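A.B. asks:
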Amino acid sequence: MSVNDLVLVQGLRDTRQALANWSNQGWKVIGRWFLGSLAIAIVLLGAVFAISKLSTPDPSRFSVIGINRDGTIRDLGIFLYRNSLVLALHAMACVAGFIAGSSLPLSAAQRSGVWRWVHEKAGPLAIGFVVCATTFSLSTQAYILGSNLSTISNQLGIAPATLLICYLPHAIPELIALYLPLAAWLMASRKGDWDQLLAATFVTVSIAVPMLIVSVSIETFVSPEILKSVIGG
1 MSVNDLVLVQ GLRDTRQALA NWSNQGWKVI GRWFLGSLAI AIVLLGAVFA ISKLSTPDPS
61 RFSVIGINRD GTIRDLGIFL YRNSLVLALH AMACVAGFIA GSSLPLSAAQ RSGVWRWVHE
121 KAGPLAIGFV VCATTFSLST QAYILGSNLS TISNQLGIAP ATLLICYLPH AIPELIALYL
181 PLAAWLMASR KGDWDQLLAA TFVTVSIAVP MLIVSVSIET FVSPEILKSV IGG
């Protein structure tokens, strides 16, 4: 059996074992992921609000759903597409963590010389890259969302906090879904359970996709009505 075949077989075995262990623990593991994802969402929303207070509103005007027009299926598709890209990034971070923390060390142990050194150094570098990419993603999202919140609230003549509250019914489940893989990554990295991350990717994405479909539906058709009632009131 070649080294690559050995790594693949071990990876599949670890994934099956992790799934079996989690099925016996019920919602315990998934519950921790949800709490971790909720904590990330709260921190991000806090950063968004802080940035909105510090940002200068853009003079350009947004076409605000619920105020300037009604939400459409096309809007739903756009929201779902954008969120899918973010979810894919976080899912790939999980996969990269599995490769860097589990597969590469196993592969390195079966090699010698220069190739062993390359595989030993590649793991920490890959994990460092994932941390940097994820941090950049979170920072970018916080800045863009905060700037938009500042501009839209100024356009509508309401406080950023009021606008943010109007959007919470879709924002909370949406952010929890998006950051489930990241929460799983963080918890696994703390314990060194890199071999569980491939299984975590499958589970978190399977949970996140239907949550995103529901949340973008709320974002398209429900949150605009809430905003409309606040503005009208």
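So in my numbering, spot 97 of the sequence shown is number 97, and the numbers just go up one at a time. We put the beta carbon where it would ideally sit given N, CA and C, even for glycine. Keep in mind the model is a prediction, meaning the values are calculated, not measured.
In the DSSP assignment, what residue or residues form a beta bridge with Arg-69?
C.D. replies: Counted from its first residue, the sequence shown places residue 69 at position 69. Beta-bridge pairing links Arg-69 to Ile-65.
A.B. asks: Label Leu-163 either buried or exposed according to how many other C-beta atoms from any shown protein chain fall within 10 Å of its C-beta, with 16 as the threshold for buried.
C.D. replies: In the sequence shown, residue 163 corresponds to position 163, counting from 1. Buried: at least 16 other Cβ atoms inside 10 Å.
A.B. asks: Going by DSSP, what residue range makes up the alpha helix (DSSP H) through Gly-157?
C.D. replies: For the purposes of this step, residue 157 is taken as the residue at position 157 of the sequence shown. From DSSP, Gly-157 is part of no alpha helix (DSSP H); its letter is neither H nor E.
A.B. asks: With Thr-201 as the anchor, note down where its alpha helix (DSSP H) starts and where it stops.
C.D. replies: As a position in the sequence shown, residue 201 is number 201, starting the count at 1. Per DSSP, Thr-201 belongs to the alpha helix (DSSP H) from 197–221.
A.B. asks: What does the alpha-carbon distance come out to for the pair Ser-147 and Ala-18?
C.D. replies: Taking the first residue of the sequence shown as 1, we reach residue 147 at position 147. Taking the first residue of the sequence shown as 1, we reach residue 18 at position 18. Cα to Cα, the separation comes out at about 41 Å.
A.B. asks: Going by beta carbon distance, what residues of the same chain come within less than 6 Å of Ala-199, once the five residues before and after it are set aside?
C.D. replies: Counted from its first residue, the sequence shown places residue 199 at position 199. If we look at Ala-199 and ignore the five residues flanking it on each side, its Cβ neighbours are Thr-15, Ala-18 and Leu-19.
A.B. asks: CB-CB under 7 Å to Val-130, same chain, minus the five flanking residues each way: which ones, in chain order?
C.D. replies: Locating residue 130 in the sequence shown gives position 130, counting from the first residue. Cβ neighbours of Val-130 beyond the five flanking positions: Ala-93, Ala-96 and Gly-97.
A.B. asks: Under three-state DSSP, which class holds Asp-193?
C.D. replies: The residue you call residue 193 lines up with position 193 of the sequence shown. In the structure shown, Asp-193 sits in coil (DSSP, three-state: anything other than H, G, I, E or B).
A.B. asks: Out of Ile-99, Pro-173, Ser-215 and Ile-144, which one is the CA nearest neighbour of Ser-189?
C.D. replies: Within the sequence shown, numbered from 1, the residue matching residue 189 stands at position 189. Per the Cα distances, Ile-99.
A.B. asks: Kindly give me the distance between the Cβ atoms of Asn-83 and Leu-212, rounded to whole angstroms, as I take these residues to be in contact under 8 Å.
C.D. replies: For the purposes of this step, residue 83 is taken as the residue at position 83 of the sequence shown. For the purposes of this step, residue 212 is taken as the residue at position 212 of the sequence shown. Between Leu-212 and Asn-83 the Cβ distance is about 5 Å, and since that is below 8 Å, they are a contact.
A.B. asks: In this structure, does DSSP put Gln-25 in helix, strand or coil?
C.D. replies: Position 25 of the sequence shown holds residue 25. If DSSP states are grouped into helix, strand and coil, Gln-25 belongs with coil.
A.B. asks: With H, G and I counted as helix, E and B as strand and the rest as coil, what does DSSP make of Pro-181?
C.D. replies: Taking the sequence shown and counting its residues from 1, one reaches residue 181 at position 181. If DSSP states are grouped into helix, strand and coil, Pro-181 belongs with the helices.
A.B. asks: Return the CA-CA distance between Val-230 and Pro-160, expressed in angstroms with no decimal places.
C.D. replies: Here residue 230 is taken as the residue at index 230 of the sequence shown, counted from 1. Here residue 160 is taken as the residue at index 160 of the sequence shown, counted from 1. Looking at the two C-alpha atoms, the distance is approximately 13 Å.
A.B. asks: For Ser-52, tell me which candidate among Ser-150, Asn-154, Ile-40 and Ser-23 has the shortest Cα-Cα distance.
C.D. replies: By one-based count along the sequence shown, residue 52 stands at place 52. Residue Ser-150 is the option with its Cα nearest to Ser-52.
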